[in-house]
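*Asks:* Numbering (the numbering used here), first residue to last: 2 to 210. Where a beta carbon is used, it is the ideal one built from N, C-alpha and C, also for glycine. First the structure, which I've put down as structure tokens, then a few questions once you've had a look.
Put into structure tokens, the structure is as follows:
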């Protein structure tokens, strides 16, 4: 059958960009609103440190609230922002609900409705384009629900959503199965769908271990 991109694939996009570092990365739970121990928490945050220094290069914020259009404010501490470049770039992974399987956007791009592996502009209302702002003295960012936000500190991120030239390649067979090399890429339309939050959380935890 025709190929389509299911929720599990989108999890790898923020994970790969958030953890990208020439020195490796260390992930520290920020315990936003006691998220470590509060089972009903709708927020979680992680500081991504450079593997060989005390520099924070990215901050990842989860908003699990299953209420499309509702936003939550999160403060970015000025101590995280490098003095040499106080501009931050915010990239969003969004969907209308945690059960959405197709209309999912990363950085304003989506694979919904395309079968050639090339992301297109996401035109649905919950898509949020990248934002750049100064955060020299600390700043407050808004994260819609449900969504994951990656805050890139002191530099522009590389884009995985628009780059289809990675090492991972996937090919389909006549019986609907797939063979792949490198990082996981697509899933066939016959594959089981997973919720956005479950896929994202699972991929983030596994990649951080």
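Would you report the Cα separation of residue 114 and residue 95, rounded to the nearest angstrom?
*Replies:* If I take the Cα positions, the gap works out to 16 angstroms.
*Asks:* When the distance is taken between beta carbons, is residue 107 closer than 9 angstroms to residue 8?
*Replies:* Not a contact, by the Cβ cut-off of 9 angstroms.
*Asks:* Got a sec, what are the start and stop residues for the alpha helix (DSSP H) residue 1 sits in?
*Replies:* Since the first residue of the chain shown is 2 and the last is 210, residue 1 is not available in this structure.
*Asks:* Using CA atoms only, rank isn't needed, just tell me which of 131, 70, 3, 27 is closest to residue 110.
*Replies:* Residue 131 is the option with its Cα nearest to residue 110.
*Asks:* In whole angstroms, what separates the C-alpha of residue 36 from that of residue 137?
*Replies:* One C-alpha to the other measures close to 27 angstroms.
*Asks:* Give a yes or no on whether the C-beta atoms belonging to residue 31 and residue 89 are separated by under 9 angstroms.
*Replies:* Not closer than 9 angstroms, so no.
*Asks:* Would residue 44 and residue 64 be called neighbours here (beta carbons separated by less than 9 angstroms)?
*Replies:* Yes, the pair counts as a contact, with Cβ atoms nearer than the cut-off.
*Asks:* Throw me the rounded Cβ distance for the residue 40 and residue 116 pair, which I believe falls under 8 angstroms.
*Replies:* Not a contact, Cβ separation roughly 40 angstroms.
*Asks:* State the Cα-Cα distance for the pair residue 1 and residue 149, rounded to the nearest angstrom.
*Replies:* Any answer about residue 1 is impossible in this case: the structure gives the chain only from 2 up to 210.
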